[in-house]
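**Q** Residue numbers (this note's numbering), protein chains in the order written: chain A, 1 to 174; chain B, 1001 to 1174.
2 protein chains.
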Amino acid sequence: MPKADQAALEGARERFLALWGALANGWGINRTMAQIHALLLVSAEPLSTDEVMEALAISRGNANTNLRELVTWGLCRKVIKVGERREYFEAEKDVWQIFCIVARERKRREIDPALPILKECADATEGLRDPEGRHFHAQVKALSDFVALAASIAERVAAAEQSKLVPALLKLLR
Amino acid sequence: MPKADQAALEGARERFLALWGALANGWGINRTMAQIHALLLVSAEPLSTDEVMEALAISRGNANTNLRELVTWGLCRKVIKVGERREYFEAEKDVWQIFCIVARERKRREIDPALPILKECADATEGLRDPEGRHFHAQVKALSDFVALAASIAERVAAAEQSKLVPALLKLLR
DNA sequence: TCGAATTTTCAGGAGTAACTGAAAATAACG
DNA sequence: CGTTATTTTCAGTTACTCCTGAAAATTCGA
């Protein structure tokens, strides 16, 4: 590979890893986990734990923990190479798949536990008479309904095929 | 107000504030800010800084900072009561509005700055020959396109009317 | 079954985001 | 203006999340 190409690739890779790590913060995913995912995403071949440690300058414990967490999320897979003892990891590469996985996982972890509590808060204040109570009930009920609706829509979007959904959506939003 | 009703309301309010604060974590909004917003959301009347401090047991500095941040986001407004010196705050109460504000704000703060960097990473690696380079370019390009598309859709969704969008969406996802 | 390679765990440490409290600044009133 | 009520700022502290590194556990080949 020409020297210039090599340099371009490494520069771009570095900026990309930094960007993805920074973005992740706001999305409930920790920086290292996002960087490992980004690293595997742009690697043509699966990487071992040691290669990940090396590439990101992180400890073994950190690499191990976050790799396993990525597998739990379904964003990475273990790959066994024949004749090799150590484990390799590869990322799910399809962008739509990644989006669906994150959407489903976050709904499961955050929305689903919250919904019953919201409903409960709404129900417990049904029929209150004074203005504070009535306002509380109305507001929480509206919120509860909206969150339930959003969860249901997210679920269906994540189950749809990109090629069918996106064009229809764009037409709808024209 | 009957004692039982009073108790029901206070219990529900407490659970609701705790829930909203916990949820916020994953949404790039800090816990206190979310709790203040939740408090104002379920209050029938605007509240002063002191009332917020009292209700959430937080310091003046904390209350002030987060109230102003909420105003910056557009989730709260200052309200001046005639004949009163101090400022009061009220929350935007319409759930769809809240959703749109958060969506737009997060796009502006996170996606918009990221997009040019992504594009740049893709462009800088266009035309590389070796497999690593080609894979990197293809992957980052796909990501960049997807993020741009998602941003555009989010923008349009946030600009739409709930009453027109949601039914159409549900039909589409039937 | 033993020993080396590899993975997993976790106690302690580092880094970061958020909060407090009080002082400084500002605004309103007489 | 000077005084007082109110808001804003910010240095120091707290609380928390995440990371390290080494020891323990596991796995696999011989």
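Every residue, glycine too, gets a C-beta built ideally from N, C-alpha and C.
Quick caveat, the model's predicted, so the values are computed rather than measured.
Could you tell me which of A:A44, A:C121 and A:L41 sits nearest to S144 of chain A, measuring between CA atoms?
**A** It is A:C121 whose Cα lies nearest to the Cα of S144 of chain A.
**Q** Between which two residues does the beta strand (DSSP E) holding A91 of chain A run?
**A** Taken as a continuous stretch (DSSP letters only), the beta strand (DSSP E) holding A91 of chain A covers E87 to A91.
**Q** Go through the segment 98–137 of chain A residue by residue and report every complete run of the alpha helix (DSSP H) that reaches 4 residues or more, in order.
**A** Runs of the alpha helix (DSSP H) inside the segment 98–137 of chain A: 112–124.
**Q** So, using beta-carbon positions, are E1132 of chain B and S43 of chain A closer together than 9 Å?
**A** For E1132 of chain B and S43 of chain A, yes; Cβs fall inside 9 Å.
**Q** Quick check: is the beta carbon of H1135 of chain B nearer than 9 Å to any beta carbon in chain A?
**A** Interface residue, yes.
**Q** From V1140 of chain B to A1024 of chain B, what distance separates their C-alpha atoms?
**A** Taking the straight line from one Cα to the other gives about 30 Å.
**Q** For A1038 of chain B versus L1017 of chain B, is the C-beta distance shorter than 9 Å?
**A** In contact: A1038 of chain B and L1017 of chain B (Cβ atoms closer than 9 Å).
**Q** Got a sec? Which residues, its chain only, sit under 8 Å from G28 of chain A by beta carbon, not counting five neighbours each side?
**A** Answer for G28 of chain A: R106 and E110, listed in chain order.
**Q** Looking at C-alpha atoms only, which residue of B:D1112, B:C1100, B:V1082 and B:L1170 is the closest neighbour of R1156 of chain B?
**A** The residue with the shortest Cα to Cα distance from R1156 of chain B is B:C1100.
**Q** Are S48 of chain A and E87 of chain A closer than 9 Å when you measure CB to CB?
**A** Yes. Within cutoff.
**Q** Please classify I1058 of chain B: does DSSP put it in a helix, a strand, or coil?
**A** I1058 of chain B falls in the coil class under three-state DSSP.
**Q** Do you know how far the Cα of A1151 of chain B is from the Cα of A1114 of chain B?
**A** Approximately 11 Å between the Cα atoms of the pair.
**Q** Could you check whether the Cβ of A1151 of chain B sits closer than 9 Å to any Cβ belonging to chain A?
**A** Judged by the 9 Å Cβ criterion, A1151 of chain B is not in contact with chain A.
**Q** Taking the beta carbon of R1013 of chain B as the centre, do at least 16 other beta carbons fall within 10 Å, making it buried, or is it exposed?
**A** So R1013 of chain B counts as buried.
**Q** Quick one: what's L47 of chain A bridged to in DSSP?
**A** In the DSSP output, where bridge partners are listed per residue, L47 of chain A has A:F89.
**Q** Using a Cβ-Cβ cut-off of less than 8 Å, give me the residues of the segment 3–18 of chain A that come near chain B, in sequence order.
**A** Listed by position, the residues of the segment 3–18 of chain A near chain B (Cβ gap below 8 Å) are D5, A8, L9, G11, A12, R13, R15 and F16.
**Q** For V1157 of chain B, which three-state DSSP category applies?
**A** Looking at V1157 of chain B - three-state DSSP - the assignment turns out to be helix.
**Q** Indicate whether at least one CB of chain B lies closer than 9 Å to the CB of P46 of chain A.
**A** So, not an interface residue.
**Q** Using the beta-carbon of each residue, which ones in chain A are nearer than 7 Å to L1039 of chain B?
**A** Under the 7 Å cutoff, chain A gives no residues; its nearest Cβ is about 11 Å from L1039 of chain B.
**Q** Within the same chain, show all residues whose beta-carbon is closer than 7 Å to that of L1040 of chain B, passing over the 5 residues directly before and after it, in chain order.
**A** Result list for L1040 of chain B: L1047, C1076, F1089, E1090 and A1091, in chain order.
**Q** Using CA coordinates, which residue listed in A:L118, A:G21 and A:A154 is at the minimum distance from R108 of chain A?
**A** Of A:L118, A:G21 and A:A154, the residue nearest in Cα terms is A:A154.
**Q** Out of curiosity, what's the CA-to-CA distance linking L173 of chain A and L1173 of chain B?
**A** Distance between the alpha carbons of L173 of chain A and L1173 of chain B is about 15 Å.
**Q** From the DSSP secondary-structure annotation, give me the bridge partner or partners of V71 of chain A.
**A** Looking at the DSSP assignment, V71 of chain A forms no beta bridge with any residue, so it has no partner.
**Q** Among residues of its own chain, excluding the 5 on either side of T1125 of chain B, which ones have a beta-carbon nearer than 8 Å to its beta-carbon?
**A** Within the same chain, T1125 of chain B has close Cβ partners G1133, F1136, H1137 and V1140.
**Q** Taking the straight line between their C-alpha atoms, what separation do you get for E69 of chain A and A63 of chain A?
**A** In a straight line, the C-alpha of E69 of chain A is about 10 Å away from that of A63 of chain A.
**Q** Taking the C-alpha atoms as reference points, what is the distance between W1096 of chain B and V1079 of chain B?
**A** Approximately 22 Å, taken between the alpha carbons.
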